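Worksheet: the structure to be examined is printed underneath.
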Amino acid sequence: MTCERCRAAHAHAVDDEKAEQFRNASDRICGCENFRLSDHSPGPVADGELLHMLVMDPQSIVDGWLHPSRIKRFTTSGQSVLRDGASDAEFELTAAQLQANAYRASKKTRLAGILSFLTANVRYCMTDRLLCVFDTAMEEKPNHADLMCSGLGPLSEDWSKNKRKKEEYEYAREVIIALGRMFNSPETFRNGMLAKYANPDT
Amino acid sequence: MIADTNQTTITDVLESRERALRSRAAIARDSTGLSAAYQLMQMIEKVEINRTSDIYGKLFMAVAQQAARPWYESDAWLTSTLQVIQSVRGVGVGWDGEDATPPLTKSLNAAEMLSALLVNIPTKKRPQLDFASDGAPTFARNTNDFYLHLVVEPSPTASNEELARLSWYSVRDGEKSFEDDVSFDGRSLPPKLRELFVQT
């Protein structure tokens with residue numbers, strides 16, 4: 002069953018292999034989008050839902066857009082986002098975890114902004130698929146979702162390294178454009194409830 | 004923060020050279036009464052300091068201006084970029100709050116050298132440094148007429164002639180360009196990269 006394979010991909014222990022696991026779980030591009038992948042989730046992510054990405058470093062925002070360095074994650078472990086239905090507590094927990102994890106790895110960081118965008122805008126590029134948006138709920142974050150690269154198409158395996166790399170760079174730009182530049186500052190997002198995470202010493 | 008105690012950075016080397024140059028410039032000024040800038044210019048010619056080198060050029064400007072602060076502090080972009088590089092030296096897995104791989108020391112050193120060379124392009128064109136989840140130093144700009152995504156990749160060969168490989172994708176006034184695995188020796192910008200900034 003595809004649903005079971007998708008749930009297994011969501012539960013896969015190696016983060017860096019998750020996007021690949023999701024791609025292999027279904028015969029269709031982004032096939033796992035149709036399933037509720039966790040008992041904690043409110044259901045698959047709809048095209049009309051607003052999503053929010055916490056950007057933890059000012060360096061990751063360049064000229065008002067997401068820095069292309071951030072796109073690598075979309076092809077490996079997936080980029081975590083929160084659905085608009087998430088509670089304030091889910092946002093606070095996410096920001097606190099990101100900051101604490103970085104600190105444990107000897108890196109001071111601070112919340113630079115919250116990038117908000119419509120699901121449909123990142124799922125489709127004209128008639129093609131751009132990103133997969135999977136419902137990847139967790140017990141303490143039921144409105145957690147993941148953005149993952151949909152794959153570069155069936156011909157990509159035959160391409161030269163150079164051609165595939167070029168495709169990846171072009172893809173990164175398309176994703177950045179699709180994500181848009183609706184950044185909210187921590188001081189203004191949801192009445193400033195994340196403002197304290199804008200300080201690296203929190 | 005875990006200190007990277009075994010690492011001699013470009014900043015260490017340049018600070019040391021700057022002290023030496025300042026010392027020699029002071030002696031020259033005392034004995035001749037001529038300006039430090041003029042004396043230093045003569046010294047550069049006589050002692051065959053490589054004037055064509057971008058880094059020495061920067062040092063020359065800093066000493067000639069008799070800046071009270073180290074040379075690299077006279078350039079806000081470079082100061083900021085070097086601090087960004089320093090902030091990830093010695094970090095562990097998950098430095099981005101998730102599962103990111105620590106940047107390789109040799110990639111960070113190459114990024115420092117590249118940054119030092121990028122001070123020669125106009126400030127408004129200089130790219131911003133960030134690090135990908137695989138640790139790769141990544142420079143970018145994204146303005147109306149210029150998009151740049153430049154990645155510093157480790158060189159497959161250990162050689163003084165090649166510090167790293169650079170790959171970049173750019174869109175300039177709608178014209179797309181991609182360069183892959185361009186050798187970077189740390190002494191000058193690859194011609195195609197320099198051309199990209201000059202024409203932008």
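If you read the protein sequences in the order shown, they are chains A and B. Using the numbering used here, you'd call the opening residue of the first sequence number 2 and step up by one each time. Using the numbering used here, you'd call the opening residue of the second sequence number 4 and step up by one each time. Just so you know, even glycine gets a beta-carbon here, dropped at the ideal spot from N, CA and C. Predicted model, so just to flag it, every value in this text is computed and none were measured.
Starting from residue i and walking both ways along the beta strand (DSSP E), at which residues does that stretch end?
i                      : result
residue 171 of chain B : 165-175
residue 182 of chain B : 178-187
residue 57 of chain A  : No beta strand (DSSP E) contains residue 57 of chain A, which DSSP labels as neither H nor E.
residue 117 of chain A : 114-119
residue 190 of chain B : Residue 190 of chain B -> no beta strand (DSSP E), and no H or E assigned at all.
residue 134 of chain B : 131-134
Starting from residue i, trace the alpha helix (DSSP H) both ways and give me its first and last residue.
i                      : result
residue 81 of chain B  : 79-90
residue 114 of chain B : 108-121
residue 145 of chain B : Premise fails: residue 145 of chain B lies in the beta strand (DSSP E), 140-145, not in any alpha helix (DSSP H).
residue 11 of chain A  : 3-11
residue 21 of chain A  : 19-26
In chain A, which residues lie less than 7 Å from residue i when you measure between Cβ atoms?
i                      : result
residue 134 of chain B : 70
residue 146 of chain B : 64
For a contact defined as C-beta to C-beta under 9 Å, what are the partners of residue i on chain A?
i                      : result
residue 95 of chain B  : 105, 106, 107 and 108
residue 108 of chain B : Those do not exist, as residue 108 of chain B stays about 14 Å from chain A at its closest Cβ, beyond 9 Å.
residue 185 of chain B : Chain A residues near residue 185 of chain B: none, gap ~12 Å exceeds 9 Å.
residue 201 of chain B : Within 9 Å Cβ-Cβ: nothing; residue 201 of chain B doesn't reach chain A, min ~20 Å.
Rounded to whole angstroms, how far is the Cβ of residue i from the Cβ of residue j, which I believe are closer than 8 Å?
i                      : j                      : result
residue 166 of chain B : residue 138 of chain B : Contact flag wrong, Cβ pair sits at about 16 Å.
residue 31 of chain A  : residue 151 of chain A : 5 Å
residue 52 of chain A  : residue 115 of chain A : Rounded, the Cβ-Cβ distance is 10 Å, inconsistent with contact.
residue 204 of chain B : residue 157 of chain B : Residue 204 of chain B lies beyond the range of chain B shown here (4 to 203); nothing can be said about it.
residue 129 of chain A : residue 42 of chain A  : Going by Cβ atoms, the distance from residue 129 of chain A to residue 42 of chain A rounds to 27 Å, so no, they are not a contact pair.
residue 185 of chain A : residue 111 of chain A : Between residue 111 of chain A and residue 185 of chain A the Cβ distance is about 15 Å, and since that is not below 8 Å, they are no contact.
residue 148 of chain A : residue 82 of chain A  : 6 Å
Report the neighbours of residue i on chain A: residues whose CB is nearer than 8 Å to its CB, in chain order.
i                      : result
residue 102 of chain B : 16, 17 and 78
residue 90 of chain B  : 108 and 109
residue 155 of chain B : Those within 8 Å of residue 155 of chain B in chain A number zero; the least Cβ separation is about 11 Å.
residue 141 of chain B : 68, 69 and 70
For residue i, which residues in chain B fall below 7 Å Cβ to Cβ?
i                      : result
residue 197 of chain A : Under the 7 Å cutoff, chain B gives no residues; its nearest Cβ is about 16 Å from residue 197 of chain A.
residue 173 of chain A : 152
residue 100 of chain A : 100
residue 170 of chain A : 152, 172 and 181
residue 163 of chain A : 183
residue 130 of chain A : Result: empty, since nearest Cβ-Cβ is about 21 Å, beyond 7 Å.
Using a Cβ cut-off of 8 Å, pull out every chain B residue sitting near residue i, in sequence order please.
i                      : result
residue 142 of chain A : Under the 8 Å cutoff, chain B gives no residues; its nearest Cβ is about 14 Å from residue 142 of chain A.
residue 61 of chain A  : 133
residue 29 of chain A  : Residues of chain B passing the Cβ test: none, with the nearest at roughly 27 Å.
Closer than 9 Å by beta-carbon distance: list the chain B residues that pair up with residue i, in chain order.
i                      : result
residue 122 of chain A : Correct list: empty, because the minimum Cβ distance to chain B is about 17 Å.
residue 24 of chain A  : Chain B residues near residue 24 of chain A: none, gap ~18 Å exceeds 9 Å.
(Q) Could you tell me which whole beta strand (DSSP E) segments of length 3 or greater appear in the region 42-106 of chain A? (A) For the region 42-106 of chain A, whole beta strand (DSSP E) runs of length 3 or above, ordered along the chain, are 51-56 and 80-84.
**Q.** Residues in the region 41-59 of chain A having any Cβ partner in chain B nearer than 8 Å
**A.** 57 and 58
(Q) Going residue by residue through the region 128-182 of chain A, where are the continuous alpha helix (DSSP H) segments of at least 4 residues, counting only ones entirely within it? (A) 162-180
Q) Along the region 112-139 of chain B, what residues have a CB closer than 9 Å to any CB found in chain A? A) 130, 131, 132, 133, 134, 135, 136, 137 and 139
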